[in-house]
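Here is the structure we will look at.
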Amino acid sequence: MDFTALRYFSATASARSIRAASETLHVSPSAISRQIAKLEHELRAPIFDRRAQGMKLTAAGEILLTKIDGVMREFARVKSHIAALQNLQAGNVDVYCFQTAIESFVAPVLNRFHAQYPDVTFNVRMSSTDEAIEALVAGKAEIGLVLNAPVRDNITRLEVFRDRMVAAFSPKHPLAGRKALSVHELKGFPLALTEPSFGLRQQLDRVFASHGFEPTCFCVTNSLALIKEVASMGNNCTLLPRFAVGHELAAGSIAAAAVREFAGDPLVFCICSLSDRSLSPAAKVFLEIVVDYCRRYRP
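Quick note on the numbering used here: the sequence shown kicks off at 1332 and runs consecutively.
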């Protein structure tokens, strides 16, 4: 099967238009049409329905697209490997990471990397723990920056640092001024928590269950920014890694106290990758810079 035909097919499926795909690929619409016709002849099935509103994938086209996406991503990684061998330092790195990483250290790491290797590009997507692991397995991500990564045979985990869970609330909260407290002292206070797909939430639920604590949860979200904003108001509170509220603690907009029940169950930040797939040179350097930065500058 012709790789050019597959590339043209993928671009057309994404754009839903041969003309739009031709502008993206800088080739004529007729060239794309010929390659699509060639694919359909080889597969002995139509892969697009030609409609006035644009190109719509058929069932056969949907199946082909799911397989091609992984091939295209793997080919991009091969190009990164070859470019590095030629000292071009080019390539692309797909990274899935949790929101606190984005807020605290991903930006300076990317800035440092770009200063050294300006031709490497990054696709960075904010994700939960479950989403990052799924992306690694599906080939959508090369690196996952994950909090409390699950133990899996097909995932390699590099521990970078550990942190402790804290209860966070307004400086005017009844519990403000406490250095430590029991999770049961949060009973009755409205809690804002992350979604169950977050490794952080999975740890919370595990500790809650083991200590017989039923939280009064009134807000569940995938936004840490919203959780922290809600926790800074009234009698609300939340439970987060201490480094997740570092900026707010420094600014005085949030107060925090250690939670005793989590003392023996630290939060673990890991860099994850797929065990049977070697990292591209660009991804390896990115990993090294993340580790160095976190161990040097993390509070």
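Positions of the beta carbon are idealized from the N, C-alpha and C atoms, including for glycine.
Cβ of residue 1343 within 8 Å of Cβ of residue 1336?
-> no
Between which two residues does the beta strand (DSSP E) harbouring residue 1490 extend?
-> 1486 to 1494
Should residue 1559 go down as buried or exposed, given a rule of 16 or more other Cβ atoms within 10 Å for buried?
-> buried
Is it buried or exposed for residue 1504, if we count other Cβ within 10 angstroms and need 16 for buried?
-> buried
Beta-ladder partner(s) of residue 1572, from DSSP = 1496
Taking 8 Å as the threshold, find out whether the segment 1454 to 1463 comes into contact with the segment 1424 to 1439 through three or more Cβ pairs.
-> yes
Near residue 1491, what residues of its chain come up, given a Cβ to Cβ distance below 8 Å and the 5 sequence neighbours on each side ignored?
-> 1600, 1601, 1602, 1621, 1622, 1625 and 1626
Can you tell me which of the three DSSP states residue 1452 falls into?
-> strand
With 16 as the cutoff for other CB atoms within 10 Å, does residue 1334 come out buried or exposed?
-> exposed
What do you get for residue 1436, buried or exposed, if any count of 16 or more other CB atoms within 10 angstroms of its CB means buried?
-> buried
Coil, strand or helix - residue 1630 by DSSP | Reliability of the predicted coordinates at residue 1630 is poor, the pLDDT of 49 falling under 50, and the value obtained from them is presented with this limitation in mind. Note: residue 1630 maps to coil in three-state DSSP.
Taking the Cβ atom as the reference point for each residue, do residue 1460 and residue 1606 lie within a distance shorter than 8 Å?
-> no
Label residue 1569 either buried or exposed according to how many other C-beta atoms from any shown protein chain fall within 10 Å of its C-beta, with 16 as the threshold for buried.
-> buried
Taking the alpha carbon of residue 1484 as the point to measure from, which residue in 1575, 1386, 1608 and 1588 has its own alpha carbon closest?
-> 1608
How would you call residue 1345, buried or exposed, if buried means at least 16 neighbouring beta carbons within 10 angstroms?
-> exposed
May I ask which residues mark the beginning and end of the beta strand (DSSP E) holding residue 1631?
-> Absent from the model: residue 1631. The displayed extent of the chain is 1332 to 1630, so no value can be given.
Cα-Cα separation, residue 1554 to residue 1525 = 7 Å
Neighbour-count burial assignment, residue 1338, 16 or more Cβ in a 10 Å radius = buried
Which residue's Cα is closest to the Cα of residue 1397: 1340, 1515 and 1530?
-> 1340
What's the gap between the Cα of residue 1596 and the Cα of residue 1518?
-> 21 Å
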